[in-house]
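Worksheet: the structure to be examined is printed underneath.
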């Protein structure tokens, strides 16, 4: 093949993560090693920036700035919640054509993968040479094919450090504690809380994920059982837990529900679910001290809580995308495959296999009684979260 | 003087902090250097453990365990919300007499200082030789005399890292963000959020502390002004903000308010205040994307977010208490006095000067329009919070 030479656009889409800028830096630095990309444009606020033709020149960025940006949470180029349809993608394609863009790198989740897929289809229809690469990121870890997604390990580390710390707070002043974790459909992030647990008496004692139906009656009885054994109870639950019919628990508990700009029930950025469940426990079990924290935006953007492996993989995924773009005449999503214990191999996977699809926690990760996780899940996340700060309980003798 | 020789009790009271166990370790290790303390008892769950005569033997703790415990958030001995009155303190005193306890070290806030004061008075009345030392801790930083309290700098660091990170998230997907920070009467912790701000456009753009009355109308207009300049708005506010008459804003906004075991309105462990203010902004200003996070227990117990200075000072305060207990025939609270830029000197302050009293943010720290802080506050907390992980915004040229 004659190598396709031309400009490239990079964009960031969807909810930011702690390492999404590592992927940006990976593309920015790696492009400098290649001659097939003549110029690198950064779209401001994702695909919205493309159709508005708002671009940053990513060649004239200093190394120091780019390295510091890589360590900074949030999407440095700006992000968007726009979910492009065919018409929107046609606009994107037209801008690409106008500016002679030949490479498109899109860092995002399964919606962003779908945008890549449609834009790619349109370039084929119009017989316009365009290579499209989806570089995964999402704290939800809900993409198909890949072993895990960049962004998830750092968010998991935040959840682990939160539960590891609050466990000692809750042990010091016993009561019921509910930690509400992000995750509309996939429970990976909530399940990660189990990694915080060192001793059997440590929390979280109960974990509820959206993959299993949640019953308020069962929940009350689960909490009651833990309290009778432990004198305290810590619960990790996904914001997206649903009942038998698949209705969000939050919509059953609250009369007036806020909806987001897509008409979805707003799960994040509000303490409603935790507050409503706290009230139930307080009333039904007559427990005085019931507290709930909704981890909210901190879990995806807290400064200084990053898994070292995650940062490295987020960057390497992006470097792989640039490298492969110069090697093969193909488009795709960059997926990670666990080939060693622990090591991953990067591959280019067809966009259609990733686009718009959602991965859930497999059965082998969820305990049969639906209120905790299985050891297989801990084996899965151990290398991803990596080393934690030291923490332990006091080991002393009682004076009798 | 003939040196008083006898057993010592150490206890931890009130809400735990990230470094309260550094103070515990300070006492445990320093006691080993002195001969005037014959035996060190750790009271389980604070003063409650004293009256129940539940003690741990803190001499036979391994160094490794104690060092790891020191780095662990939460009160390792257990804490209590009991606020002892005269009768309760008499019980404490009787247990001390029964076990021939001659030294009492109590790590806690102003309520704990008051317990120290009463127990000390009773020992004087009964002509029983007892030395009582209050070792300060509180994330609220609301103790008198001392420059600042151990526990505050680490909590402030958490708030700073939270706002520093969410700032980039909010810049990537603009909207209104409300971060609700602990602080019933003192705004120090909320004010710390300002330290996260690197550029003028960074958040938080508005800061509200309980020292100034909060008006919902003014709040709406403040947010509107920031939005018109910035296209986004980040707000830090104390859970304890009050109206002109001193009534908590949360009680005006919600019909049914949860009360804690003391009959106080429950401010922490619930997202009510942030949710209610979000709703108002959404309705009054027609802003679609309004999110609030209530930092809750994470700000005092998140694993791995500790100010190095805070850890060192928490330990040194406790070491000072043990050292001074062998040197002078006096009781008191260990206070820190800023004598250099930056260095502190430890002093023994009369218990009555600290007990039950509450320090507020001085006027020189709060901006005259009551919606931000003054530079003097940043000068005050800079050495306390110390170095942060690297973070910055992308510095690139626009393509025109």
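Protein chains in written order, with the working numbering: chain A, 1 to 400; chain B, 1001 to 1400. Note that beta-carbon positions come from the ideal geometry of N, C-alpha and C, so glycine has one too.
- Here the alpha carbon of residue 1078/B sits roughly 56 Å from the alpha carbon of residue 60/A.
- With a contact defined as Cβ atoms closer than 8 Å, residue 353/A and residue 145/A qualify at about 6 Å.
- Taken in chain order, the members of the segment 1271-1303 of chain B whose beta-carbon sits within less than 8 Å of a beta-carbon on chain A are 1271, 1272, 1274, 1275, 1278, 1279, 1282, 1288, 1289, 1290, 1291, 1292, 1293, 1294, 1295, 1296, 1297, 1298, 1300, 1301, 1302, 1303.
- In this structure, residue 1153/B and residue 1309/B form a Cβ contact; the two beta carbons are roughly 6 Å apart against a cut-off of 8 Å.
- By the Cβ criterion, the segment 15-28 of chain A is in contact with the segment 52-71 of chain A, since at least three pairs of Cβ atoms, one from each stretch, lie closer than 8 Å.
- Sequence-distant partners of residue 1290/B (beyond 5 residues in either direction) whose C-beta falls short of 7 Å from its own C-beta, in its chain, are 1175, 1176, 1278, 1281, 1282.
- Looking from the CA of residue 178/A, the closest CA among 185/A, 187/A, 186/A, 167/A belongs to 167/A.
- By the rule that beta-carbons nearer than 8 Å mark a contact, residue 1109/B does not touch chain A.
- Within the model, the alpha-carbon separation for residue 1210/B versus residue 1312/B is close to 29 Å.
- Each of 361/A, 395/A, 129/A was checked against the Cα of residue 199/A, and the nearest Cα belongs to 395/A.
- Cβ-Cβ separation between residue 1137/B and residue 1183/B: approximately 15 Å, too far for a contact (criterion under 8 Å).
- Burial check for residue 1358/B: the Cβ neighbour count within 10 Å stays below 16, so the residue is exposed.
- At a Cβ-Cβ threshold of 8 Å, residue 205/A and residue 230/A count as neighbours.
- Residue 43/A sits in a strand when the DSSP states are folded into three classes.
- Within chain B, the C-beta atoms nearer than 7 Å to that of residue 161/A come from 1302, 1303, 1304, in chain order.
- The alpha carbon of residue 15/A has as its nearest neighbour, out of 217/A, 141/A, 6/A, the alpha carbon of 141/A.
- The shortest CA-to-CA distance from residue 1019/B to any of 1284/B, 1123/B, 1086/B, 1303/B is the one to 1303/B.
- With contacts defined as CB atoms closer than 8 Å, residue 3/A and residue 102/A fail to qualify as a contacting pair.
- Interface annotation for the segment 1076-1097 of chain B against chain A: 1076, 1077, 1078, 1079, 1080, 1081, criterion Cβ-Cβ distance under 8 Å.
- Cα atoms of residue 1058/B and residue 227/A: separation of roughly 28 Å, rounded to the nearest angstrom.
- Three or more Cβ pairs closer than 8 Å define a contact, and the segment 38-51 of chain A falls short of that threshold against the segment 321-338 of chain A.
- For residue 1055/B, the chain A residues whose Cβ falls inside 8 Å of its Cβ are 398, 399, in order along the chain.
- Residues of chain B with a Cβ closer than 7 Å to the Cβ of residue 72/A are, in chain order, 1168, 1391, 1392.
- Distance check between residue 32/A and each of 207/A, 62/A, 247/A places 62/A closest, using alpha-carbon atoms only.
- Straight-line spacing of the CA atoms in residue 1315/B and residue 240/A works out to 43 Å.
- Taking the Cα of residue 1149/B as reference, the smallest distance to any Cα among 1249/B, 1180/B, 1188/B, 1341/B is reached at 1188/B.
- The alpha-carbon separation between residue 1097/B and residue 164/A amounts to approximately 38 Å.
- When CB distances to chain A are screened at a threshold of 7 Å, not a single residue of the segment 1129-1149 of chain B falls below it.
- The beta carbon of residue 58/A falls within 8 Å of a beta carbon belonging to chain B, placing the residue at that interface.
- Cβ neighbours of residue 1373/B within its own chain (closer than 7 Å, five residues either side excluded): 1191, 1194, 1207, 1365, 1366, 1367.
- Beyond the five residues adjoining it in sequence on each side, residue 1320/B comes within less than 6 Å, by CB distance, of 1334, 1346 in the same chain, given in chain order.
- With a minimum length of 3 residues, the unbroken runs of beta strand (DSSP E) contained wholly in the segment 122-185 of chain A fall at 131-136, 176-181.
- Following the DSSP letters along the chain, one finds residue 1345/B inside the beta strand (DSSP E) bounded by residues 1343-1349.
- The DSSP-derived three-state label of residue 1235/B is strand.
- Taking a Cβ-Cβ cut-off of 8 Å, the neighbours of residue 68/A in chain B comprise 1390, 1391, 1392, given in sequence order.
- Within the segment 357-383 of chain A, no complete alpha helix (DSSP H) segment of 4 residues or longer occurs.
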